[in-house]
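A quick write-up on the structure given underneath.
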Amino acid sequence: MDEIMDWTALEAIDQLCARVYIGLRDDRLRSDDVVELACLLLDWGRYEPAVEEVVARRPEEIGPQRLRELAEQLLEGTAFLPDFRLAPERLVLLEQALGTVAADLPPSWSGSTARLVPMSDSSPLDYKVELTGGRMHGNGLRTVDAEDLTSALIAVADHVQEGVMEFDWRVWPVCPVHHLGLHPVADGGTAVWQCRLGPHAVAAVGSLPPAARHDDGPRARGGREDRHARRGPSSGTGGQRGQSLPTPLE
Ligand SMILES: [Zn+2]
Numbered sequence: 020m021d022e023i024m025d026w027t028a029l030e031a032i033d034q035l036c037a038r039v040y041i042g043l044r045d046d047r048l049r050s051d052d053v054v055e056l057a058c059l060l061l062d063w064g065r066y067e068p069a070v071e072e073v074v075a076r077r078p079e080e081i082g083p084q085r086l087r088e089l090a091e092q093l094l095e096g097t098a099f100l101p102d103f104r105l106a107p108e109r110l111v112l113l114e115q116a117l118g119t120v121a122a123d124l125p126p127s128w129s130g131s132t133a134r135l136v137p138m139s140d141s142s143p144l145d146y147k148v149e150l151t152g153g154r155m156h157g158n159g160l161r162t163v164d165a166e167d168l169t170s171a172l173i174a175v176a177d178h179v180q181e182g183v184m185e186f187d188w189r190v191w192p193v194c195p196v197h198h199l200g201l202h203p204v205a206d207g208g209t210a211v212w213q214c215r216l217g218p219h220a221v222a223a224v225g226s227l228p229p230a231a232r233h234d235d236g237p238r239a240r241g242g243r244e245d246r247h248a249r250r251g252p253s254s255g256t257g258g259q260r261g262q263s264l265p266t267p268l269e
């Protein structure tokens with residue numbers, strides 16, 4: 020019984036979080052929703068300052084600007100993550116990012132069609148990149164990866180890099196000067212491919228020079244066949260994001 024009550028309460032919190040999220044995003048936040056969410060969180064035993072402030076003060080006393088701040092803090096406190104049904108604009112950002120990242124693919128991948136597909140029918144939370152022939156797999160891209168275009172570019176570049184290296188078993192892309200693998204990072208609000216030596220930015224994501232895109236990057240340790248044999252057939256998804264790159268040949 021308690022479990023059912025817990026589940027119902029969590030459902031209610033989740034639904035209110037969604038309403039508050041949409042209210043914040045579309046600039047039509049309803050104070051009733053914020054108050055109700057704070058009350059539910061209090062019932063749930065959450066005593067964060069934002070919860071207590073919303074419960075203790077009348078909305079007209081709080082004012083719209085402070086209410087927004089408190090609503091954001093409530094969402095943060097619940098670690099609320101909208102899915103793509105709730106935040107379709109984030110899928111649009113990921114698609115835009117994929118179009119940009121595709122320009123950096125090695126020549127042997129040119130002509131590939133790149134698209135985002137759901138990881139599974141049942142999960143609207145995760146998407147993955149699929150390239151022609153289903154050559155790409157990888158871990159899911161989530162709404163949290165697309166808070167803005169820069170974060171979307173970094174997440175998609177990381178995702179595509181993992182898939183290309185997994186398939187080709189070569190380091191890609193490669194710094195033309197130091198012959199080390201590059202990594203997508205944010206540099207002053209721009210997504211760039213960065214070389215660890217220095218470190219220095221080689222190019223903006225989507226603008227790699229041909230020397231960095233090429234197909235004869237250093238072969239990663241182990242070799243592709245090795246890697247696939249070790250990996251086994253069932254572990255194509257579900258690995259960890261953000262793994263360090265295999266080390267290029269010394
Ligand atoms: Zn370098």
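Counted the way my numbering counts, the sequence shown spans residues 20 to 269. Don't be surprised by glycine CBs; every beta carbon is placed ideally from N, CA and C. These numbers were taken from a predicted model, which means no experiment stands behind them.
Below 7 Å from a heavy atom of ligand 1 - residues by beta-carbon: Residues flagged by the Cβ proximity filter: Cys-194, Val-196, His-197, Leu-199, Cys-214, Leu-216, Gly-217, His-219 and Val-221.
Whole-angstrom distance between Glu-149 and Thr-27, CA atom to CA atom: Distance between the alpha carbons of Thr-27 and Glu-149 is about 37 Å.
Under 8 Å between C-beta atoms of Pro-67 and Gly-96: What sits at residue 67 in the sequence shown is Glu, not Pro. Yes, the Cβ-Cβ distance between Glu-67 and Gly-96 is below 8 Å.
Closest Cα partner of Val-193 within the set Arg-65, Leu-160 and His-219: Shortest Cα-Cα distance from Val-193 to any of Arg-65, Leu-160 and His-219 involves His-219.
Nearest candidate by alpha-carbon position, reference Pro-195, set Trp-63, Ala-174 and Leu-227: Comparing Cα positions, the closest option is Leu-227.
Coarse secondary structure for Arg-87, derived from DSSP in three states: It is helical.
Contact the stretch 118-137 vs the stretch 172-185: 3+ CB pairs below 8 Å: Touching, yes, given that three or more Cβ pairs across the two stretches are closer than 8 Å.
Contact check, Ala-106 vs Leu-168, beta carbons under 8 Å: Their beta carbons are not under 8 Å apart, which means Ala-106 does not touch Leu-168 by this criterion.
Bridge partner(s) assigned by DSSP for Pro-137: DSSP lists Tyr-146 as partners of Pro-137.
Residues bridged to Gly-200 (per DSSP): According to DSSP, Gly-200 bridges with Val-193.
Inter-residue Cα distance where the pair is Glu-275 and Ala-174: The displayed coordinates of the chain run from 20 to 269. Any statement about residue 275 would go beyond what the structure contains.
Segment contact flag, the stretch 126-142 with the stretch 196-206, C-beta cutoff 8 Å, min 3 pairs: The stretch 126-142 is not in contact with the stretch 196-206.
Helix, strand or coil at Leu-35 [DSSP, three-state]: Helix at Leu-35.
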